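Peer 1: Each residue of the sequence shown is one higher than the one before, counting from 34 in my numbering. Where a beta carbon is used, it is the ideal one built from N, C-alpha and C, also for glycine. Quick caveat: nothing in here was measured; it's all calculated off a predicted structure.
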Amino acid sequence: MRTQVGIVGAGPAGLMLAHLLRREGIDSVVLERRSRDYIEGRIRAGVIEQWVADLLVETGLGARLQREGLVHRGINISFAGSLHHLDFTDLIGKHITVYGQQEVVKDLVAARLGGGGEILFEVEDVGIDDFAGGAPRIRFRSKVGEAIEIDCDFIAGCDGSHGVCRPSIPRGALTSFEREYPFGWLGILAESPPPCEELIYAYHERGFGLYSMRSPTLSRLYLQCAADEDLNEWPDERVWHELHARLGGSSKLAEGKVLLKGVTPMRSVVVEPMQYGKLFLAGDSAHIVPPTGAKGMNLAIADVRVLARALAEFYRFGRGDLLESYSHTCLRRVWKAQRFSWWMTTLLHQPVDANAFDRRRQLAELDYLAGSRHAQRALAENYTGLPFD
Ligand code: FAD
Ligand code: DHB
């Protein structure tokens, strides 16, 4: 087989890259180790920055998003027993859309398959070769066990944080910058109607709580917990009890059937550079953010927007400069998103070794945020998505 761009991974990064390339007349093959059902059912991110929603609409993927996505003018912050609304539209004229990542994935898969494109699902033993020099190759075993090789001009490593592309780069060529947080998020999806129209980020002495949603009948709720929390110790009653304690003062939380429960550890990772020869890393394969700033999926799409433009310029005009500056261009945005995600995380979570000084300092910062339009605008600008250069 032969293609122009071989894409490993059918998450938001890989699928969006294939979609943008197709619009430029560039051929690609997408390989995914999971099944279509699995990737379309994987519940993850929910907040879409304004420019991402605009990009989905501009590139023909917006029909369901515009019908079912929930446009939010802002978010709420709860602390010290009161709720403060930050109205992004009033502050900076922007908004966010709440629309599940799996819905974006479904729309992208439908567009690719509907447009005659292919996604090779359930592939195994994926490996990449000769990407340092002239003739990159992807080898894998197909769903029916056939050994296949694809010759490509370029490889896009969109295979997430546990993929094969990043570890295939020779040791010493990449520098990894990392920070572990001493806590995680216990998340549930529940059949309970939203008690509040917009998200609530709650600072509480028992730990952080987050109220989000997926539809007028489905709530998505998170609790700060230990990084290695044992889910067996969290029967539904305990989860609801804790949610009432942390969010209850600020909302009338309705209990409902718990459809899903899971724990996510939290870490920040950036690898530099995001390119090696003809291999380009995009999305979680190059960086992980803690979820508090709702940046992961948005950053993955930002990377492939840059990459698709650089590839289009290369194929159209033979220009290589945008490909050469890919990593530098992406990393400027990545580090700003890392900074914002770290800031939201440390502002809102109870540090494990918190002393009274730390708590007073966090409360002072929250009080400042609640009272200062300048501070609110800085948050709004980062949360809704920084402008591109
Ligand atoms: P992925 O979505 O991980 O996709 C990678 C794909 O590659 C996967 O389908 C995987 O199966 C496939 N793959 C892996 N290895 C191979 C291989 N060897 N061969 C072939 N295929 C392979 N982000 C936000 O923006 N907003 C939020 O509100 C938000 N909330 C989150 C909440 C939670 C609980 C979690 C866990 C994450 C959240 N994120 C959020 C982060 C977001 O989900 C990720 O950043 C996003 O999925 C990254 O997309 P990606 O395409 O880079 O990687
Ligand atoms: C959701 C996830 C986040 O990480 C966040 O900061 C806000 C909302 C969500 O899943 O809806």
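For my contact list, Cys191 and Ser301 are in at a C-beta cut-off of 8 angstroms; report their separation, rounded to the angstrom.
Peer 2: The residue labelled residue 191 in the question sits at position 158 within the sequence shown. The residue labelled residue 301 in the question sits at position 268 within the sequence shown. Not a contact, Cβ separation roughly 20 angstroms.
Peer 1: The beta strand (DSSP E) that contains Leu4, what's its start and end?
Peer 2: No statement about residue 4 is possible, as the shown extent of the chain runs from 34 to 422 and does not include it.
Peer 1: Which one of Val131, Phe154 and Leu251 has the shortest CA to CA distance from Ile40?
Peer 2: Taking the sequence shown and counting its residues from 1, one reaches residue 40 at position 7. That would be Phe154, whose Cα lies nearest to the Cα of Ile40.
Peer 1: Thinking just about the alpha-carbon of each residue, which of Arg392, Tyr132 and Cys198 is nearest to the one in Val85?
Peer 2: For the purposes of this step, residue 85 is identified with residue 52 of the sequence shown, where counting begins at 1. Comparing Cα-Cα distances from Val85 to each of Arg392, Tyr132 and Cys198, the minimum goes to Tyr132.
Peer 1: Compare the beta carbon distance of Thr417 and Ile188 with 8 angstroms and say whether it is the shorter of the two.
Peer 2: For the purposes of this step, residue 417 is taken as the residue at position 384 of the sequence shown. For the purposes of this step, residue 188 is taken as the residue at position 155 of the sequence shown. No, the pair does not count as a contact, with Cβ atoms beyond the cut-off.
Peer 1: Is there contact between the stretch 154 to 174 and the stretch 98 to 112, where contact requires at least three CB pairs shorter than 8 angstroms?
Peer 2: With fewer than three CB-CB distances shorter than 8 angstroms, the stretch 154 to 174 does not count as touching the stretch 98 to 112.
Peer 1: Leaving aside the five residues before and after Lys290 along the sequence, list all residues of the same chain whose C-beta is less than 6 angstroms from its C-beta, in chain order.
Peer 2: Residue 290 sits at position 257 when you count from the first residue of the sequence shown. So the list reads Glu224, once near-sequence residues are dropped.
Peer 1: Cα-Cα, which of Glu213, Lys369 and Ala335 is closest to Pro298?
Peer 2: Taking the sequence shown and counting its residues from 1, the one referred to as residue 298 is at position 265. Of the listed residues, the one whose Cα sits closest to Pro298 is Glu213.
Peer 1: For His16, is the beta carbon positioned less than 7 angstroms from some heavy atom of the ligand FAD?
Peer 2: Lying before the first or after the last residue shown, residue 16 is absent from the chain, which here runs from 34 to 422.
Peer 1: Which residues bound the alpha helix (DSSP H) around Gly74?
Peer 2: Here residue 74 is taken as the residue at index 41 of the sequence shown, counted from 1. Segment Arg69 to Gly74, the alpha helix (DSSP H) holding Gly74.
Peer 1: What's the C-alpha gap between Glu231 and Thr250?
Peer 2: Position 198 of the sequence shown, counting from 1, holds the residue named residue 231. Position 217 of the sequence shown, counting from 1, holds the residue named residue 250. About 14 angstroms.
Peer 1: Pull every residue with its beta-carbon under 5 angstroms away from any heavy atom of the ligand DHB, and keep them in chain order.
Peer 2: Gly79, Val80, Ser245, Arg253, Pro324 and Ala327
Peer 1: Is the Cβ-Cβ distance between Ile76 and Leu222 less than 8 angstroms?
Peer 2: Here residue 76 is taken as the residue at index 43 of the sequence shown, counted from 1. Here residue 222 is taken as the residue at index 189 of the sequence shown, counted from 1. Between Ile76 and Leu222, the CB-CB gap stays under 8 angstroms.
Peer 1: Tell me which same chain residues have a C-beta within less than 8 angstroms of the C-beta of Leu125, skipping the five on either side of it?
Peer 2: Start at 1 with the first residue of the sequence shown, and residue 125 comes out as number 92. According to the sequence provided, residue 125 is Ile. The question's Leu does not apply to it. Answer for Ile125: Arg410, Ala413, Glu414 and Thr417, listed in chain order.
Peer 1: Between which two residues does the alpha helix (DSSP H) carrying Gly447 extend?
Peer 2: Outside the displayed range of the chain (34 to 422) lies residue 447, so it cannot be described from this structure.
Peer 1: Curious, which full-length alpha helix (DSSP H) runs of at least 4 residues does the stretch 222 to 299 contain?
Peer 2: 269 to 280
Peer 1: How is Asn415 classed by DSSP in three states: helix, strand or coil?
Peer 2: For the purposes of this step, residue 415 is taken as residue 382 along the sequence shown, with counting starting at 1. Collapsing the DSSP output to three states places Asn415 in a helix.
Peer 1: Based on DSSP bridge pairs, tell me the residues matched to Ala206.
Peer 2: Looking up residue 206 in the sequence shown gives position 173. Answer by DSSP bridge pairing: none, since Ala206 is not bridged.
Peer 1: To the nearest angstrom, how far is the alpha carbon of Thr325 from that of Ile81?
Peer 2: Taking the first residue of the sequence shown as 1, we reach residue 325 at position 292. Taking the first residue of the sequence shown as 1, we reach residue 81 at position 48. Rounded to whole angstroms, the gap between the alpha carbons of Thr325 and Ile81 is 13 angstroms.
Peer 1: At a threshold of 7 angstroms, does Leu264 count as lining the ligand FAD (C-beta to nearest heavy atom)?
Peer 2: Here residue 264 refers to the residue found at position 231 when the sequence shown is read from its first residue. Checking every heavy atom of the ligand FAD against the Cβ of Leu264, none is found closer than 7 angstroms.
Peer 1: Answer yes or no: the CB of Phe373 versus the heavy atoms of the ligand ATP, is any distance below 7 angstroms?
Peer 2: Annotation note on the ligand ATP: not contained in the displayed structure, which lists the ligand FAD and the ligand DHB as its ligands.
Peer 1: Let me know if Asn388 comes out buried or exposed under the rule of 16 or more other beta-carbons within 10 Å of its beta-carbon.
Peer 2: In the sequence shown, counting from the first residue as 1, residue 388 sits at position 355. Exposed, because fewer than 16 other Cβ atoms sit within 10 Å of the Cβ of Asn388.
Peer 1: Tell me which residue opens and which closes the beta strand (DSSP E) that Asn109 is part of.
Peer 2: Translated into positions along the sequence shown, residue 109 becomes position 76. For Asn109, the enclosing beta strand (DSSP E) covers residues Gly107 to Phe112.
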